[in-house]
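Numbering (my numbering), first residue to last: 1 to 269.
Don't be surprised by glycine CBs; every beta carbon is placed ideally from N, CA and C.
Model, not experiment: these values are computed from the prediction.
Quick notes on the structure that follows.
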Amino acid sequence: MLIYAGLRAEKYLANHAPEKDLELIMQAEENIAKIKPKRLVLISTIDVFRTPNGVNEKSEIVTEGLHAYGLHRYQLELWVRDRYPDALIIRLPGLFGQNMKKNFIYDFIHEIPGVLNQEKFAELVIQDSQLEEYYKLQESGFYKVDVADKDKEHLNDRFRKLGFSALHFTDSRSVYQFYNLAYLWRDMQTALDAGIVLWHAATEPIAAGELYEYLTGEKFVNLLNGMPANYNYRTIYDELWNGMNGYISDKEKALSDIAAFVKISRKGG
1 MLIYAGLRAE KYLANHAPEK DLELIMQAEE NIAKIKPKRL VLISTIDVFR
51 TPNGVNEKSE IVTEGLHAYG LHRYQLELWV RDRYPDALII RLPGLFGQNM
101 KKNFIYDFIH EIPGVLNQEK FAELVIQDSQ LEEYYKLQES GFYKVDVADK
151 DKEHLNDRFR KLGFSALHFT DSRSVYQFYN LAYLWRDMQT ALDAGIVLWH
201 AATEPIAAGE LYEYLTGEKF VNLLNGMPAN YNYRTIYDEL WNGMNGYISD
251 KEKALSDIAA FVKISRKGG
């Protein structure tokens, strides 16, 4: 059995350079074809929906107006379904777990912005020129942090003096669904045993401000321009996971798991 999770998950890169992202999709198709698996599980994303709210496994995908990240991954889903009719496709929401390096939970733990666009980098460097020592311009056009572990607290202090952190990229009103990566193998087996071919790992949604307050006891207010994210997708298989209302687990379970993960991650540095 092949579990294919080989696609990059950075939406900003896919949408910034859609041609390169499409090349990665084609490479994925070539890789799967070369392996010729007898059984296939494709790890996909809920972002194949333009509006991932009020949808489940039976909902139609509307590709008009869909960003490159979602469109290309949906194209891979179609390719897989055409060649492997019994393949299991899993659409994941936001993730937390070992080696995950994106989203609000990661930003909460680490605080230092991992990536900055050129405009934001220029704005911050005007205020603190030493930031240039810790970021390198990538081919993608974004600046990526490059800091030794021993210097991370020093860099954190510089950002605190600027009144800026990775958390400022998230609107506190944004609503997300978070899935614990530690459960993926178990849940995958449940879906396979049940003969499911498309599954949404839908957990009950949590607002960013609500999560921050749960973890710290303090308010988090950060209002950005544009509409806040609003994820609320569901599954028709909730009862198989002892869930309800289209969710495999409730908000309390997600909050508890996230708090435990944050605690362990911070202990590990």
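Range of the contiguous alpha helix (DSSP H) that encloses Ile112: No residue range can be given for Ile112, since it is assigned to no alpha helix (DSSP H) and is classified by DSSP as neither H nor E.
Rounded Cβ spacing between Phe96 and Phe220 (contact assumed at less than 8 Å): Not a contact, Cβ separation roughly 17 Å.
Roughly how many angstroms separate the alpha carbons of Lys267 and Leu215, rounded to a whole number? 15 Å
Since Phe178 sits in a beta bridge, which residues does DSSP pair it with? Note: Phe178 sits in a beta bridge opposite Gly94.
Asp250 to Leu211 span [Cα, whole Å]: 14 Å
Nonlocal neighbours in the same chain, by C-beta distance under 7 Å from Asn15, ignoring five residues either side: Cβ neighbours of Asn15 within its own chain (closer than 7 Å, five residues either side excluded): His67, Ala68 and Tyr69.
Helix, strand or coil for Val262, going by three-state DSSP, please let me know. helix
Going by C-alpha distance, which of Lys152, Thr235 and Ile3 is nearest Ile35? The shortest C-alpha separation from Ile35 is found at Ile3.
Please state whether DSSP places Val55 in a helix, a strand or coil. coil
How would you call Ala182, buried or exposed, if buried means at least 16 neighbouring beta carbons within 10 angstroms? exposed
Could you tell me which of Leu42, Glu19 and Asn222 sits nearest to Met1, measuring between CA atoms? Out of Leu42, Glu19 and Asn222, Leu42 has the C-alpha closest to the C-alpha of Met1.
Give the DSSP-derived three-state secondary structure of Asn222 in the structure shown. coil
Look at Val175 and Asn230 and say whether their C-beta atoms are less than 7 Å apart. Note that the C-beta distance between Val175 and Asn230 is below 7 Å.
What's the gap between the Cα of Phe159 and the Cα of Gly6? Going from the Cα of Phe159 to the Cα of Gly6 covers about 33 Å.
Quickly, what does DSSP pair Ile89 with across the bridge? List them, please. Leu42 and Leu198
Skipping 5 residues on each side, what residues in its chain have a beta carbon closer than 7 Å to that of Arg186? none
Between Ser129, Ser59, Met227 and Asp157, which has its C-alpha nearest Thr170's C-alpha? Met227
For Ile126, the three-state DSSP class (helix, strand or coil): Note: Ile126 maps to helix in three-state DSSP.
I believe Glu111 touches Ala166 by the beta-carbon criterion, under 8 Å. Please report the beta-carbon distance rounded to the nearest angstrom. 6 Å
Cβ of Ala202 within 7 Å of any chain C Cβ: Structure shown: chain C not included; a single protein chain is present.
Limits of the alpha helix (DSSP H) - the one that Ile35 falls within: Pro18 to Ile35
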